[in-house]
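All remarks here apply to the structure that follows.
There are 2 protein chains.
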Amino acid sequence: MAIIVQKFGGTSVGNVERIQHVAKQVAKTVSEGHQVVVAVSAMSGETNRLTALAKEMQDRPSRREMDVLLTTGEQVTIALLSMALQAQGCPAISYTGWQVPIQTNDVHNKARIEHIDGKKITDQLGQGKVVVVAGFQGIAMESGDITTLGRGGSDTTAVALSAALNADECQIYTDVDGVYTTDPRVVPEAKRLDTVTYDEMLELASLGAKVLQIRSVEFASKYNVPLRVLSSMKEGGGTLITTEENFGDSDMEKPLISGIAFSRDEAKLMVLGVPDKPGVAFQILGPVSDANIEIDMIIQNQGIDGTTDFTFTVSRNDMDAALEILEGVATKLGAREVMSDDTIVKISMVGVGMKSHSGIASNMFKTLADNEINIQMIGTTEIKISVVIDEPSLELAVQSLHEAFELDK
Amino acid sequence: MAIIVQKFGGTSVGNVERIQHVAKQVAKTVSEGHQVVVAVSAMSGETNRLTALAKEMQDRPSRREMDVLLTTGEQVTIALLSMALQAQGCPAISYTGWQVPIQTNDVHNKARIEHIDGKKITDQLGQGKVVVVAGFQGIAMESGDITTLGRGGSDTTAVALSAALNADECQIYTDVDGVYTTDPRVVPEAKRLDTVTYDEMLELASLGAKVLQIRSVEFASKYNVPLRVLSSMKEGGGTLITTEENFGDSDMEKPLISGIAFSRDEAKLMVLGVPDKPGVAFQILGPVSDANIEIDMIIQNQGIDGTTDFTFTVSRNDMDAALEILEGVATKLGAREVMSDDTIVKISMVGVGMKSHSGIASNMFKTLADNEINIQMIGTTEIKISVVIDEPSLELAVQSLHEAFELDK
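Chains as they are written, first to last, in my numbering: chain F, 22 to 430; chain E, 22 to 430.
This is the structure:
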């Protein structure tokens, strides 16, 4: 008998039939002999409906009152799901965030969980009940105010509950059946991964394979909660996200590369012919950061004539704003030229195997060269190699890398 | 500066515009220098929507989960109204039932308020804020469960808050502008009463002048909370419901009769020629009560031949069921005949003046006689005289009594 926390998002509980389907799924896990805690979101559409009402009341609705308003969404779901479970002969009880209690700090709309008291839940599990907990919400202990955790909050609730209850697994039900080696729309041969490490998942998630909220993966990693991504519609074991240490012997032959992520939301900015003096990087990038523009990859090439070239990437939406700032800076620094390019993409190969294996980077570069794809920028971390290439080459690049590294095997 | 509790029902907060209208009304009271606590219901239609969802989940939805589900209705309203108040420059804060807390017993769906801690509210009032409290809901302190107060619960919340805060007045905003001497649809000359006592209101309410929930009037009477019924749409002072002692000097000339209530929901049952022996009343009425049929007026006439006749009234819906029971009883008792009549009505004149004035009953009977209206039954309490007459005479009776007792003056 294991303690399992299952999380179902808004689409999975979007109407009466869906909620009944979720109840069936939960009852099945119970019938397999497990103790089950369920974390749920508001029914899809409900948050938008309530937000629209709020905006009719106040141009910038009070953050405190928004939390009071929006948390009714999950409260409706926990009541309905508990009823659906009971109707299927599965004893169940609902808890709002404040009832558990899920204690947070007092930052309305994006509170952080500080402590979960698992006693009530454990008692109810001991009485043979499924405990249905409202996701996304908590209580600021000092003020007694209702709080919400912000985007992806229900995933975080599920992981935090798992940590507090020392659950054996936290299962996140979504509309995909797991994490893939890459986007199947680009590479039809993309395979579902059985396991992936927290670190790999963080790199894959932040690079566009949007399955889980980054924050909940960080949380799971911190508390070492085994996290499983599953489809709420399709049968299957999904993808288990855990530490490398938890991989069994069968994983000895785990491939070096877990997946290939890519992002089209990239633009490149170049400041060419800058007099090469200390502090020049800060003078160029400081004003861009000050304008709240996030800078991703950065490259500096030293020229032969005592000047240097700076190249960096930003989100496409930010390119024009960054360009304007750079043109001012370039004049001041005496740079030769400022250029921009929003027809680039970033491709990243992610795998913990890289830590202990050399040759992956050169194999990647060779594959791209064989396909006559020019690499514009390169960046690496311990478990990731990213390259920037021309947008039109994206599909060929991902497909050929997927094949070269035998991710379809 | 007074503390005023204002209650707005579902229709008054039925949509965005209505809520903004309520906010204006509250802000006006604040601008007059008062501290205001507002109790609100769910937006009209919301409770029905949620109940329908619950019934799709479970044939007889769990009472505990129904409370979790339905209390979201008022929670939405308190958030929206607080936003609307803030948008009008009136500082406001919302509280759910558990936040106040409004402590109840643990009877789900019809809990009773046991204690209200007014400290948080008093603090917020002291900071110049309007406090918007969710009506109809509370928290069962032992279990920490969410509870609801049952029908008319928001009126009860408002009165209980008034008692806990020692408020100067509890104002119930409804779709009528006060309590009338009788139904204006029957007597166009019916006048709005400026004041009426709790006892009178209880008699008038239970007799069909459906303005306030009886329970909240009982509550107000018990804690001596001055209660005012007002229209949320129309300007005007409404009707103040309080104790006789609170009436000022100007009320010395208060009329003997406050109002005339009537009910069409009446049926008469007669058991004739019953052998007159001790215990016979119980033998006849016991089985009717056991079937959960409420008996209203009862008359027993002793005959000359050692038999007696029983006559009593029940709700029209219950007449057939009562008749069936009586036919069995009558055979057993050797009664001569059982008869029923569902074309009767009850008219009641209510007024605390009756306590100290005689002649009201005879004046009533004379008025009816002058209009050739036959009285079938008579019943009296300290402040009420009720008569049962033929239904077709209802309007003539009420109109002539209204005129005879100068209620239009």
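Ideal Cβ placement from N, Cα and C applies to all residues, glycine included.
Counting of Cβ neighbours within 10 angstroms places E:His136 among the exposed residues, the total staying below 16. By the CB criterion at 8 Å, F:Ile114 and F:Ile123 fall outside the cutoff. In the three-state scheme derived from DSSP, where H, G and I count as helix and E and B as strand, F:Glu287 is classed as strand. Against chain F, the CB of E:Ile99 has a partner CB under 8 Å away; the residue lies at that interface. DSSP places E:Arg85 inside the alpha helix (DSSP H), whose first and last residues are 84 to 108.
At a cut-off of 8 Å between beta-carbon atoms, F:Val409 makes no contact with chain E.
Nearest CB-CB separation between F:Gln158 and chain E: not below the 8 Å threshold.
In the displayed model, E:Ile406 falls within a strand according to three-state DSSP. Within 8 Å of the CB of E:Thr32, no CB atom of chain F is found; the nearest one sits about 17 Å away.
A residue is called buried when at least 16 other Cβ atoms come within 10 angstroms of its Cβ; E:Phe426 meets this threshold and is buried. For a cut-off of 8 Å, the C-beta gap from F:Lys376 to F:Ile346 is around 38 Å, too long to register as a contact.
Between the segment 56 to 66 of chain E and the segment 202 to 222 of chain E there are fewer than three C-beta pairs closer than 8 Å, too few to call the two in contact.
At a cut-off of 8 Å between C-beta atoms, F:Gln148 does not count as an interface residue with respect to chain E.
If you draw a straight line from the Cα of F:Ile410 to the Cα of F:Ile365, it comes to about 6 Å. Apart from sequence neighbours up to five positions away, the residues of its chain that approach E:Gln107 with a beta-carbon distance below 6 Å are Ala113, ordered along the chain. Rounded to the nearest whole angstrom, the C-alpha separation of E:Ala100 and F:Met78 is 10 Å. Around the Cβ of E:Ala73, a 10 Å sphere holds fewer than 16 other Cβ atoms; the residue is exposed.
Put simply, the CB of F:Thr169 is far from chain E, with every gap to its CB atoms at 8 Å or more. For F:Gln192, the enclosing beta strand (DSSP E) stretches over residues 190 to 195. In the structure shown, F:Ile305 adopts helical secondary structure according to DSSP, grouped into three states. Contacts between F:Gly165 and chain E, judged by CB atoms closer than 7 Å, involve Gln120 in chain order.
For E:Pro82, the chain F residues whose C-beta falls within less than 7 Å of its own C-beta are Met104, listed in chain order.
In this structure, the CA atom of F:Thr178 is about 24 Å from the CA atom of F:Lys255. Annotation: E:Ser379 to E:Glu224 spans about 19 Å, alpha carbon to alpha carbon. By the rule that beta-carbons nearer than 8 Å mark a contact, F:Thr93 touches chain E.
Neighbours of E:Ala108 across chain F, judged by C-beta separation under 8 Å: Met78, Gln79, Asp80. For E:Asp330, the number of other beta carbons within 10 angstroms of its own is at least 16, and it is reported as buried.
In this structure, DSSP gives E:Ser52 a helical state, which the three-state scheme calls helix.
Collapsing the DSSP output to three states places F:Asp362 in a strand. DSSP places E:Phe386 in the helix class (H, G or I) of the three-state scheme. At the C-beta level, F:Gln192 and F:Ala155 stay beyond 8 Å of one another.
For F:Gln124, there are no C-beta contacts with chain E under 9 Å, since the nearest C-beta of that chain is about 15 Å from it.
By the Cβ test, the segment 246 to 262 of chain F is in contact with the segment 197 to 204 of chain F, since at least three Cβ pairs between them sit closer than 8 Å.
At least one CB of chain F lies nearer than 8 Å to the CB of E:Glu86. Residues of chain E whose Cβ lies closer than 7 Å to the Cβ of F:Gln96 are, in chain order, Val89, Thr93. One Cα belongs to F:Val232, the other to E:Ala184, and the distance between them is close to 53 Å.
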